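What follows is a single structure, written as structure tokens, with notes after it.
Numbering (the working numbering), first residue to last: 376 to 895.
Right, here's the structure in full:
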């Protein structure tokens, strides 16, 4: 069911075409160097920055949902250590996902969608279109029993910065969250892999905690072996009416055994098709492979999180873990079709590595992201209305969402589709007229765009960004994670000494808000 309205419930082709080509981003070394002071061996993949698209060339935008939030926690880890994050570490959608937006509960429906638009605070002539998905909430008592296999990296690199100790404390918190219906197994890997805890009922907490406390660093890193052992256990635990999941806790470095990523991905994908999903949780700064951890979670039909400190561990393993365990919609795809008579240009902010071809939307063989119980997904577009069309009588776009029921057999599940016209009644006349959560999503996205050096926020200063934060409603500003956002913006401002790489070809004073100049 699609609910079109305010995002704040608390406030009263012929031949197939590839996704649009992204603007060429700056080239990056495989080792991220920030302000001349590198964290050694930080591996990221830069997916570029989405372009602004003319609706007369292509008026349909299609992407897979993504509930990951690792990029925001990674950026926070950089800033807390007095370093500006590497630009390629920034994925805008994961920044936006890290915050709460208080969407309306969809009730009996798998999820609801709330939409609103408002003038862009930085891009002249454009509006921000906010699309929020709220997954159906399931209580802890109603969720399915869970059979979890933790695959823990105990290699020498996990001894750095007490990474393994943070893993152990995170697991201990989770044990208190699970109940008598659940089982937990632990596989560790260094040079080789071995099972240190066979599937054990949570009622036997003392045995589980004893196994957790005994974990210690050893050897090099053979992630392939660790996953093989873990998947064998998880596959044996697959039951009708229960969840079977592998959870990888690692810094992502694979330096022993079969280290070719394609071999690992093939194995992970095969198990995902059998119903065993993979969640990856990253730990550590320096000697960390973000690219591997993110891709493993995508191929494994799971999600990717990053733990930089205990508060984040609590959010992942306590506050949001029911959503990790219980799916409410599978292979969720979003498609927005803009009316070229009403909208002249648009840009999807983020989701660069989740773009789909237009025809992929109705192709049920094309994989997409899942939504868990209570999870939210928020997507933002920048749209340029034709003159006088922002408040006209007819809809300016059509929103479609396609998904599969997670209770159906994986190989035979038929997709369901919902569709809703987006009326101009969702378009606000000013930023101040937008709901608090919608304003918050814009501030978060602009911060991420600023950190990754996006052309589209060149005219946005950190001072302007702070003013936008200060204009948020008080009940939102005073939330802990939003207050922390203010501190991170201030920290980034004090660290950011980068030069504008576009200034020579396109001075900010005469900036083209529709096209990115070619950088020579």
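Glycine residues also receive a C-beta, built at the ideal position from the N, C-alpha and C atoms. Values in this document were obtained by computation on a predicted structure and should not be read as measured data.
Buried or exposed (CB count within 10 angstroms, at least 16 for buried), residue i
i	result
residue 679	buried
residue 688	buried
residue 673	buried
residue 876	exposed
residue 472	buried
residue 569	exposed
residue 456	exposed
residue 496	buried
residue 655	buried
residue 377	In this predicted model, residue 377 has a pLDDT of only 45, less than 50, meaning its place in the structure is not dependable enough to derive any value.
residue 977	As shown, the chain starts at 376 and ends at 895. That puts residue 977 outside it, with no answer to give.
residue 499	exposed
residue 657	buried
residue 850	exposed
residue 871	exposed
residue 769	exposed
residue 763	exposed
residue 789	exposed
residue 463	buried
residue 648	exposed
residue 811	buried
residue 605	buried
Sequence-distant residues of the same chain with beta carbon closer than 6 Å to residue i, five excluded per side
i	result
residue 818	843, 844
residue 837	868
residue 878	none
residue 533	539, 592
residue 640	674
residue 501	495, 757, 759
One or two residues paired with residue i in a DSSP bridge
i	result
residue 753	507
residue 502	494, 758
residue 708	439, 777
residue 525	561, 622
residue 794	775
residue 606	Note: residue 606 sits in no beta bridge, so no partner.
residue 679	655
residue 569	563
residue 721	428, 758
residue 744	707
residue 486	510
Cβ-Cβ distance between residue i and residue j below 8 Å
i	j	result
residue 662	residue 628	yes
residue 618	residue 522	yes
residue 493	residue 822	no
residue 700	residue 671	no
residue 746	residue 486	yes
residue 601	residue 562	yes
residue 564	residue 610	no
residue 547	residue 587	yes
residue 767	residue 737	no
residue 467	residue 820	yes
residue 748	residue 513	yes
residue 665	residue 888	no
residue 659	residue 626	yes
residue 592	residue 638	no
residue 537	residue 567	no
residue 441	residue 675	no
residue 616	residue 519	yes
residue 682	residue 448	yes
residue 709	residue 756	no
residue 847	residue 874	no
residue 552	residue 693	yes
residue 886	residue 852	no
residue 765	residue 726	no
Contacts around residue i, its chain only, beta-carbon distance under 8 Å, and the 5 residues preceding and following it disregarded
i	result
residue 409	Low confidence applies here, because residue 409 scores a pLDDT of 40, under 50, leaving its location unreliable and the question unanswered by this model.
residue 882	none
residue 713	430, 434, 435, 436, 721, 758, 771, 772
residue 550	559, 577, 580, 583, 584, 587
residue 863	450, 451, 454, 822
residue 620	521, 522, 523, 524, 609, 651, 652, 653, 654, 677, 699, 700
residue 704	485, 486, 510, 745, 746, 778, 779, 780, 781
Contacts around residue i, its chain only, beta-carbon distance under 7 Å, and the 5 residues preceding and following it disregarded
i	result
residue 404	Confidence in residue 404 is poor, its pLDDT being 34 and thus under 50, which makes the residue's placement unreliable; the coordinate value appears in the next sentence. Closer than 7 Å at the Cβ level, and outside the excluded window around residue 404, lies no residue.
residue 465	446, 450, 823, 826, 827
residue 573	560
residue 556	520
residue 444	469, 472, 473, 680
Beta carbon proximity, residue i to chain D, threshold 8 Å
i	result
residue 545	The chain inventory of the structure shown lacks chain D, comprising one protein chain alone.
Checklist entry - Would you say the stretch 503-522 touches the stretch 473-480, given that touching needs at least three Cβ pairs under 8 Å? => result yes
Next on the checklist: Can you confirm whether the stretch 854-864 touches the stretch 798-813 when touching is taken to mean that 3 or more C-beta pairs between the two stretches lie within less than 8 Å?
Outcome noted: No, the stretch 798-813 is not in contact with the stretch 854-864.
Checklist entry - Okay, do the stretch 427-447 and the stretch 718-736 touch, 3+ Cβ pairs below 8 Å being the bar? => result yes
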